[in-house]
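Only one structure is covered here, and it is reproduced in the block below.
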Amino acid sequence: MTKSCFIFFFFILSFSGNHTALAFAENPPATELKKAAKPLLTDQSDVKKPSFPDLKKKYNSDEFIYETRSKKKNAWERFLEWLREVFGGNDGNGKSKSVLNLFMKILAGAIILFVIFLIVKAVMNKEGKWIFGKRSDKSILRYDDLEKDLQSVDFEKLIRDTKISGEKRLMIRYYYLWLLKKMSAQGYIEWDTEKTNSDYLNELKHADFRTNFEYLSYLYNYIWYGEFDIDEKALATAAAAFEKTIKSIPS
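Those letters in the sequence shown? Residues -25 to -1, 1 to 226, per mature numbering (1 follows the signal peptide of the UniProt record, and there is no 0), in order.
Printed below as a string of structure tokens:
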């Protein structure tokens, strides 16, 4: 009995000691905590705010622009957009696109033909007429025909005919060719279809006649090649100047 009580008492004592040690381990004294804690350190150094003065300038190139910018339309693109609206809008309709393509082909062909017309007109010494313009002068003598029989052409009769028909520009042309005929007959110049007014002017020796021919050449170029309509008064003045010079050349 005594032994059993001793064992029970020893068991109770052991359990109580272990509980106290565990509690002490779990909750250390405040002095121990103060020793274990480290003091907080405060950064006392100066902090400078960074600055980037050239940041926008440096990164302003297209390489650093990540936003998609809409391309500005030129005049041709705006014209095509207008045509799309005229021929059915921008609904993606295949029929409207085919009509637009056909129109563009016709327009391109018209431009090409117009350019060819301008070239042909320039080559033919501006004797061609604008489309829908005045009728062509079918009665004009060709230079190659005049070269063969310049001296046999009756320019006085041709000029009378133009006065009746009212072809003022053609009248001045005949006056000019009549002048060249008289100058060639007297040896003042050598007639050649490839020569220009400047070539004939350089062949003339007499100073006064050179001055008259230069003035008459100006009238001819202005009236004939300029294709200007002249009134009766200006026509009479030009015709009188040609006749005066032509009559001054011996027959």
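Even for Gly, the Cβ is constructed at its ideal location relative to N, Cα and C.
**OP:** Under the assumption that residue 178 contacts residue 164 (Cβ atoms under 8 Å), give the Cβ distance between them as a whole number of angstroms.
**Re:** Rounded, the Cβ-Cβ distance is 5 Å, consistent with contact.
Original post:
Between residue 147 and residue 176, which are expected to be in contact by the criterion C-beta below 8 Å, what is the C-beta distance as a whole number of angstroms?
Top reply: Their Cβ separation, rounded to whole angstroms, is 18 Å, which puts residue 147 and residue 176 out of contact at 8 Å.
**OP:** Can you have a look at residue 135 and say buried or exposed, based on whether 16 or more other CB atoms are within 10 angstroms of its CB?
**Re:** Burial state of residue 135 is exposed, judged by a 10 Å Cβ sphere holding fewer than 16 other Cβ atoms.
Subject >> Contact test: residue 197 Cβ vs the ligand FMN heavy atom, cutoff 8 Å >> reply: Inclusion of the ligand FMN in the displayed structure is not the case, the ligand content being empty and no account of it being possible.
**OP:** Mind reading off the beta-carbon distance from residue 187 to residue 220? Whole number of angstroms is fine, and I expect it under 8 Å.
**Re:** 5 Å
Original post:
When the cut-off is 9 Å and only beta carbons count, does residue 165 lie next to chain C?
Top reply: Looking at the structure shown, chain C is missing, and only one protein chain is on hand.
Original post:
If you draw a straight line from the alpha carbon of residue 240 to that of residue 162, how long is it in whole angstroms?
Top reply: Given that the chain is displayed from residue -25 to residue 226, the structure contains no residue 240 and the question cannot be resolved.
Original post:
Just the Cα atoms here: how many angstroms apart are residue 218 and residue 191?
Top reply: 10 Å
Subject >> Simplified DSSP state of residue 51, which is helix, strand or coil >> reply: In the displayed model, residue 51 falls within a helix according to three-state DSSP.
**OP:** Can you give me the start and stop residues for the alpha helix (DSSP H) that residue 178 sits inside?
**Re:** 172 to 178
Subject >> Neighbour-count burial assignment, residue 208, 16 or more Cβ in a 10 Å radius >> reply: exposed
Original post:
Given residue 113, which residues of its chain have a CB within under 8 Å of its CB, disregarding the five upstream and five downstream residues?
Top reply: Because residue 113 sits at a pLDDT of 43, beneath the cut-off of 50, its placement in the model cannot be relied upon, and the point is left open.
Subject >> Three-state class that DSSP yields for residue 84 in the structure shown >> reply: helix
**OP:** Please list, in chain order, all residues of the same chain as residue 172 whose beta carbon is under 6 Å from its beta carbon, the five residues on each side excluded.
**Re:** 192
Subject >> residue 226 versus residue 93 - alpha carbon distance >> reply: 41 Å
Original post:
Looking only at C-alpha atoms, which of 155, 139 and 24 sits nearest to residue 127?
Top reply: 155
Subject >> Whole-number beta carbon distance between residue 144 and residue 199, since they are thought to touch under 8 Å >> reply: 6 Å
**OP:** May I have the straight-line CA-CA distance separating residue 95 from residue 168, to the nearest angstrom?
**Re:** 19 Å
Subject >> Simplified DSSP assignment, three categories, for residue 147 >> reply: helix
**OP:** Measure the CB-CB distance between residue 166 and residue 125 and report whether it falls below 9 Å.
**Re:** yes
**OP:** Tell me whether residue 126 sits in a helix, a strand or coil according to DSSP, three-state version.
**Re:** Residue 126 carries a helical assignment under DSSP once its states are collapsed to helix, strand and coil.
Subject >> residue 224 vs residue 157 beta-carbon contact at 9 Å >> reply: yes
Subject >> residue 149 to residue 130 span [Cα, whole Å] >> reply: 6 Å
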